[in-house]
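For the sequence shown, counting from 1, position 149 maps to 148 in numbering that gives the first Met the number 0; every step adds exactly one. Even glycine gets a Cβ: it sits at the ideal position worked out from N, Cα and C.
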Amino acid sequence: MRSFLRIILLSCVALLCLGFEAMATHIRAGEITARRISATTLTYEIKLTAYFDIINGPGAADAQNTVEFTIGNVNSTGTPVILTAPRQESQPPNIGNGTTRNTYIINYTFPSTGEYRISFEEDKRNNNILNIGPPPTEQLNFYVSTILEINASFGQNQTPVLLNAPIDLAAVGQRYIHNPNAFDADGDSLAYRLFTPQRSGVNGAGINLQYVNPNQIGAPGKTESGASPATFSLNRLTGDLIWDAPVTKGYYNVAFIVEEWRDGVLIGQIVRDMQIIVEDARNDRPLMDPLNDICVEAGTLINQPIKATDKNGDRLTLTSTGGVYQSTLITPALATFNVANQGAQSPVTGQFIWQTSCNHIRQEPYDVLFKVEDAAGPGVPNPSLFRKLADMTTLNIRVYGPKPLGLRAVAATDPAGVAYRLNWTSYKCQVTGAKIIVYRKEGCTDISEDVCQEPGILLRAGYEEVGRVNSDQTTFLDNNAGAGLRAGISYSYRLLVVFPRPGTNVNEPGSLIGGGESLASDEFCLKLPMLMPVITNVTVDSTSEAKGVISIRWTRPAASAGLPAQYRLFRAVGQSGTAFTQIAAINTNLAAGAPDTFFVDRNLNTVANPYNYKLEYWYTQGGKLVKFDETKTASSVRLEQGSADPGSVRLNWSALVPWDNTGRTHRVYREDKTKPGTFNRIADVPVEGASTFTFLDDGVDRYAADGTVNITIVDDSTYCYKVETVGSYNNSQIQPSVLFNFSQILCVSSSDTTKPCPPVLALDPLNCDSLNAHPDAFCDLPGFTNHLSWTYPASVGGKDCDPNVAAYKVYYARYEDDQPALIATVTTPPSPLATNYDHEGLKSFAGCYYVTAVNRFGAESAPSNVVCKDNCPMFVLPNVFTPNGDLKNDVFQPYECPAFVQSLEFKAFNRWGAQVFTTKDVNINWNGKTNAGKDLAAGQYYYEVTVYFESSKKVSEPTIIKGWVQLLR
Numbered sequence: 000m001r002s003f004l005r006i007i008l009l010s011c012v013a014l015l016c017l018g019f020e021a022m023a024t025h026i027r028a029g030e031i032t033a034r035r036i037s038a039t040t041l042t043y044e045i046k047l048t049a050y051f052d053i054i055n056g057p058g059a060a061d062a063q064n065t066v067e068f069t070i071g072n073v074n075s076t077g078t079p080v081i082l083t084a085p086r087q088e089s090q091p092p093n094i095g096n097g098t099t100r101n102t103y104i105i106n107y108t109f110p111s112t113g114e115y116r117i118s119f120e121e122d123k124r125n126n127n128i129l130n131i132g133p134p135p136t137e138q139l140n141f142y143v144s145t146i147l148e149i150n151a152s153f154g155q156n157q158t159p160v161l162l163n164a165p166i167d168l169a170a171v172g173q174r175y176i177h178n179p180n181a182f183d184a185d186g187d188s189l190a191y192r193l194f195t196p197q198r199s200g201v202n203g204a205g206i207n208l209q210y211v212n213p214n215q216i217g218a219p220g221k222t223e224s225g226a227s228p229a230t231f232s233l234n235r236l237t238g239d240l241i242w243d244a245p246v247t248k249g250y251y252n253v254a255f256i257v258e259e260w261r262d263g264v265l266i267g268q269i270v271r272d273m274q275i276i277v278e279d280a281r282n283d284r285p286l287m288d289p290l291n292d293i294c295v296e297a298g299t300l301i302n303q304p305i306k307a308t309d310k311n312g313d314r315l316t317l318t319s320t321g322g323v324y325q326s327t328l329i330t331p332a333l334a335t336f337n338v339a340n341q342g343a344q345s346p347v348t349g350q351f352i353w354q355t356s357c358n359h360i361r362q363e364p365y366d367v368l369f370k371v372e373d374a375a376g377p378g379v380p381n382p383s384l385f386r387k388l389a390d391m392t393t394l395n396i397r398v399y400g401p402k403p404l405g406l407r408a409v410a411a412t413d414p415a416g417v418a419y420r421l422n423w424t425s426y427k428c429q430v431t432g433a434k435i436i437v438y439r440k441e442g443c444t445d446i447s448e449d450v451c452q453e454p455g456i457l458l459r460a461g462y463e464e465v466g467r468v469n470s471d472q473t474t475f476l477d478n479n480a481g482a483g484l485r486a487g488i489s490y491s492y493r494l495l496v497v498f499p500r501p502g503t504n505v506n507e508p509g510s511l512i513g514g515g516e517s518l519a520s521d522e523f524c525l526k527l528p529m530l531m532p533v534i535t536n537v538t539v540d541s542t543s544e545a546k547g548v549i550s551i552r553w554t555r556p557a558a559s560a561g562l563p564a565q566y567r568l569f570r571a572v573g574q575s576g577t578a579f580t581q582i583a584a585i586n587t588n589l590a591a592g593a594p595d596t597f598f599v600d601r602n603l604n605t606v607a608n609p610y611n612y613k614l615e616y617w618y619t620q621g622g623k624l625v626k627f628d629e630t631k632t633a634s635s636v637r638l639e640q641g642s643a644d645p646g647s648v649r650l651n652w653s654a655l656v657p658w659d660n661t662g663r664t665h666r667v668y669r670e671d672k673t674k675p676g677t678f679n680r681i682a683d684v685p686v687e688g689a690s691t692f693t694f695l696d697d698g699v700d701r702y703a704a705d706g707t708v709n710i711t712i713v714d715d716s717t718y719c720y721k722v723e724t725v726g727s728y729n730n731s732q733i734q735p736s737v738l739f740n741f742s743q744i745l746c747v748s749s750s751d752t753t754k755p756c757p758p759v760l761a762l763d764p765l766n767c768d769s770l771n772a773h774p775d776a777f778c779d780l781p782g783f784t785n786h787l788s789w790t791y792p793a794s795v796g797g798k799d800c801d802p803n804v805a806a807y808k809v810y811y812a813r814y815e816d817d818q819p820a821l822i823a824t825v826t827t828p829p830s831p832l833a834t835n836y837d838h839e840g841l842k843s844f845a846g847c848y849y850v851t852a853v854n855r856f857g858a859e860s861a862p863s864n865v866v867c868k869d870n871c872p873m874f875v876l877p878n879v880f881t882p883n884g885d886l887k888n889d890v891f892q893p894y895e896c897p898a899f900v901q902s903l904e905f906k907a908f909n910r911w912g913a914q915v916f917t918t919k920d921v922n923i924n925w926n927g928k929t930n931a932g933k934d935l936a937a938g939q940y941y942y943e944v945t946v947y948f949e950s951s952k953k954v955s956e957p958t959i960i961k962g963w964v965q966l967l968r
């Protein structure tokens with residue numbers, strides 16, 4: 000009741016002036032932001048921005064001279080820090096719609112890195128808020144909080160700022176929109192989600208209020224266009240909060256969280272709690288013309304017209320907010336927004352102008368918000384009753400780096416062997432900390448250029464990073480990291496420039512995360528003579544369990560004919576098989592047209608197995624054969640049956656080959672039952688990624704060129720198929736340019752309800768004795784992995800098991816008593832089907848698993864045996880700490896290695912056995928003081944820790960650890 004105490008101290012005159020309104024703060028909205036203001040200490044500027052309703056509570060904004068922040072850990076344990084922050088304005092500014100904006104700022108130095116909650120609460124919201132409770136709502140306090148992550152591995156961080164004030168009125172029956180116009184100066188990625196408004200709890204925590212979304216008041220309601228029901232939503236990516244449309248006049252409170260992400264890690268959260276005032280406005284809202292996202296090269300002058308209209312002919316005011324206007328948020332030049340006919344009758348136009356520069360390159364777009372508000376036009380009979388309404392839209396601008404130019408490569412002499420020296424012209428954007436990344440792949444490749452492309456286009460095109468240099472460099476030697484490159488390979492090179500986040504310290508870890516990229520350079524391809532063969536065909540000619548045939552073809556190397564050479568062909572079972580056996584040695588003198596670049600592999604089981612091939616090339620050197628190199632492996636095409644409804648057959652196929660089978664049209668054939676052994680082409684299937692290598696046969700022949708053979712697929716019949724893939728190396732030096740390869744013949748029926756047998760599961764164990772001897776074994780790991788493996792039985796209970804297993808499903812539960820949930824489905828490719836799975840990214844090893852088998856018709860087996868795994872208790876404490884304020888070893892806490900601690904109680908004792916400190920903080924965070932805040936003398940202290948470790952059981956047994964620590968000052 001801090002506000003109540005302040006009210007008692009007010010003078011009687013003030014009480015008489017304010018009357019009942021002095022009992023309510025009338026805060027319409029608010030949020031807390033934090034900005035680091037020191038590069039050497041953990042000092043932050045903490046700021047509350049509060050919006051006061053001065054129509055219903057005049058004087059409340061003026062009376063609120065200070066506020067209190069509560070700072071503590073996110074678990075709300077321990078004793079929080081209370082800070083009193085003064086208001087920055089002597090007279091809070093009226094920002095329209097009867098609202099003032101009050102700001103309260105204080106600086107605070109955090110004691111250590113960690114995750115902190117900063118909260119604010121003030122007594123008494125407005126009364127009669129319709130969608131929160133319990134009533135009366137004037138007895139509910141206003142509460143907001145912000146989560147701030149201070150972590151050295153993330154680099155310096157400040158929270159986003161919310162630049163658009165939540166002051167616009169809503170009108171019954173009309174679409175309402177609010178966007179906070181959040182801007183993150185660090186270039187972090189932002190996301191949004193709805194949140195339940197809260198009141199304050201213990202130690203700075205929040206407690207959810209009774210709450211329903213505003214559209215539930217007066218439900219079902221209608222949208223502005225007349226559809227039912229009314230809707231209320233928050234766009235997770237853009238932050239647009241849309242209520243379409245209010246039904247009942249009154250006050251409403253909503254809240255949402257702005258999440259701050261860096262490199263896939265959530266590093267901060269801001270809560271904005273805001274009030275929406277709905278009125279019966281006899282006025283139609285104005286409209287903003289929509290704006291398309293734009294992507295520009297750094298250095299581009301953006302000149303964007305902005306237009307707003309109003310069908311009633313009202314006067315319009317057009318404004319804009321965004322980080323691009325503020326020198327505290329971006330490096331100049333700043334943007335400008337000018338409206339020549341401001342306040343004129345509809346339409347009104349403005350001009351947004353921004354001269355971008357190299358300092359503006361970043362991964363996340365710049366969001367610029369434009370808002371139009373209307374005012375009574377000349378034809379409005381009573382302007383004093385006019386309620387102005389608003390509309391808004393956002394322009395998203397992404398600034399990318401210019402393309403590196405002038406890339407060339409020449410052969411270089413190097414001890415490693417084959418190497419190439421790359422050179423390029425000096426890069427246009429010399430930003431401190433920027434890096435030029437060199438990418439390489441085998442073969443010349445065209446890629447599409449999209450200025451709004453997502454990062455990673457070169458990796459998706461098959462390039463790999465081979466090196467990086469500072470942006471002021473113009474050369475790079477590629478010798479394959481000292482291992483030498485392969486001779487006779489046409490290598491493709493491209494450059495890409497990555498930039499640090501705007502304003503970051505380039506020496507910090509992760510400074511390039513979120514900093515943006517350039518366009519990829521034009522390709523430079525070394526079109527060298529192909530001195531090494533490449534495999535072009537692995538096609539199944541005959542399907543049989545013992546007499547199967549596969550033909551393998553390859554190119555002839557670009558070498559002079561005459562000297563003896565030899566091809567050695569190797570085969571392994573399975574598409575990704577590695578147990579290669581030599582099956583042929585073909586002598587050649589490389590004469591053009593000689594029949595020495597193919598081999599027919601016979602007596603194979605092509606019914607059960609796919610096969611994998613590689614070729615070695617040997618040439619004459621010094622009168623004897625010497626191995627030149629070996630090709631990449633190429634597998635046969637494997638055709639499998641997928642699950643489908645009765646009356647149809649699903650076909651899936653795959654091939655693990657060095658050429659590209661995507662972006663082509665594959666061919667599906669079905670045997671004509673009236674002509675056994677004759678296959679009719681029934682479909683051409685356009686494919687993109689491997690997931691599109693699939694076709695559903697419903698009996699209709701969709702390819703008429705070889706005759707139409709339509710059939711009705713029935714359950715008790717068998718149908719035979721084969722598939723022909725179409726691919727290419729996309730390299731003009733490799734002929735033929737288009738490569739055709741057949742799968743084996745697959746004969747299947749359309750349905751079978753028999754379930755497969757359950758697998759037998761095993762889970763790799765932990766050796767706790769070994770780990771206890773090495774407590775740092777899991778340090779610096781981003782996550783943990785459980786390795787699962789299983790076997791599929793040939794029979795169970797004397798009955799044969801269905802051998803045609805198409806997939807395995809893996810289920811996981813965190814605790815023994817929980818119902819396991821599906822976490823993965825193991826399918827082909829590669830073939831044969833894998834019988835193992837790595838469950839990655841875990842926070843601990845604890846959990847339980849089972850596996851099921853799924854046949855080609857989608858029938859799932861009973862669960863396998865359930866296997867559970869527990870963590871090894873690992874909790875290591877130092878034996879010395881120095882709480883002297885130098886930010887080095889100031890706090891007694893466990894080593895930053897995973898300890899799998901669920902909860903604990905820590906007690907410290909002096910040498911006479913008196914308890915001097917206790918905490919339940921899982922990180923302990925003892926700063927060398929008593930719980931009352933008194934500094935303890937240097938010396939030896941003893942401790943006892945009762946630890947509950949995470950396990951597969953929800954209630955674990957406690958572990959008691961005793962030891963000593965030396966406190967030095």
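Cβ-Cβ separation, residue j to residue i (assumed contact under 8 Å), whole Å
{"i": "Phe-569", "j": "Lys-613", "result": "5 Å"}
{"i": "Thr-929", "j": "Val-944", "result": "The pair is not a contact, with the Cβ atoms about 18 Å apart (cut-off 8 Å)."}
{"i": "Pro-755", "j": "Ser-860", "result": "5 Å"}
{"i": "Thr-108", "j": "Thr-65", "result": "Their Cβ separation, rounded to whole angstroms, is 20 Å, which puts Thr-108 and Thr-65 out of contact at 8 Å."}
Proximity of residue i and residue j at Cβ, strictly below 8 Å
{"i": "Trp-658", "j": "Leu-738", "result": "yes"}
{"i": "Pro-757", "j": "Ser-863", "result": "yes"}
{"i": "Glu-372", "j": "Thr-299", "result": "no"}
{"i": "Ile-53", "j": "Asn-252", "result": "no"}
{"i": "Ser-550", "j": "Val-599", "result": "yes"}
{"i": "Ala-480", "j": "Val-417", "result": "no"}
{"i": "Asp-521", "j": "Leu-603", "result": "no"}
{"i": "Leu-762", "j": "Val-606", "result": "no"}
{"i": "Arg-969", "j": "Trp-652", "result": "With the chain covering 0 to 968 only, the question about residue 969 has no answer from this structure."}
{"i": "Arg-124", "j": "Tyr-50", "result": "no"}
{"i": "Asn-740", "j": "Asn-536", "result": "yes"}
Assigned exposure category for residue i - 16 Cβ within 10 Å defines buried
{"i": "Pro-478", "result": "Per the sequence shown, the amino acid found at residue 478 is Asn instead of Pro. With 16 or more other Cβ atoms within 10 Å, it is buried."}
{"i": "Ala-21", "result": "Residue placement at Ala-21 cannot be trusted, given a pLDDT of 40 that sits under 50; the coordinates are not used to answer."}
{"i": "Ile-512", "result": "buried"}
{"i": "Val-853", "result": "buried"}
{"i": "Ala-972", "result": "Any property of residue 972 remains undetermined from this structure, which presents the chain solely from 0 to 968."}
{"i": "Asp-313", "result": "buried"}
{"i": "Cys-767", "result": "exposed"}
{"i": "Gln-341", "result": "exposed"}
{"i": "Thr-724", "result": "buried"}
{"i": "Leu-476", "result": "exposed"}
{"i": "Lys-546", "result": "exposed"}
CB contact check: residue i to chain C, cutoff 8 Å
{"i": "Pro-532", "result": "Here there is only one protein chain, and chain C is not present."}
Residues bridged to residue i (per DSSP)
{"i": "Leu-476", "result": "Arg-420"}
{"i": "Arg-601", "result": "According to DSSP, which records beta bridges pairwise, Arg-601 is partnered with nothing at all."}
Original post:
How do the segment 527-538 and the segment 449-469 stand: do at least 3 beta-carbon pairs fall below 8 Å, yes or no?
Top reply: Result no; under three Cβ-Cβ pairs closer than 8 Å.
Original post:
Using 8 Å as the Cβ pair cut-off and three pairs as the minimum, do the segment 726-734 and the segment 826-838 touch?
Top reply: The segment 726-734 makes no contact with the segment 826-838; the number of CB pairs closer than 8 Å stays below 3.
**OP:** Tell me, please, whether the segment 104-115 touches the segment 133-144 by the rule of three or more beta-carbon pairs shorter than 8 Å.
**Re:** No, the segment 104-115 is not in contact with the segment 133-144.
**OP:** Decide yes or no for the touch test of the segment 714-724 against the segment 425-442: beta carbon pairs closer than 8 Å, at least 3 of them.
**Re:** Too few Cβ pairs lie closer than 8 Å, so no.
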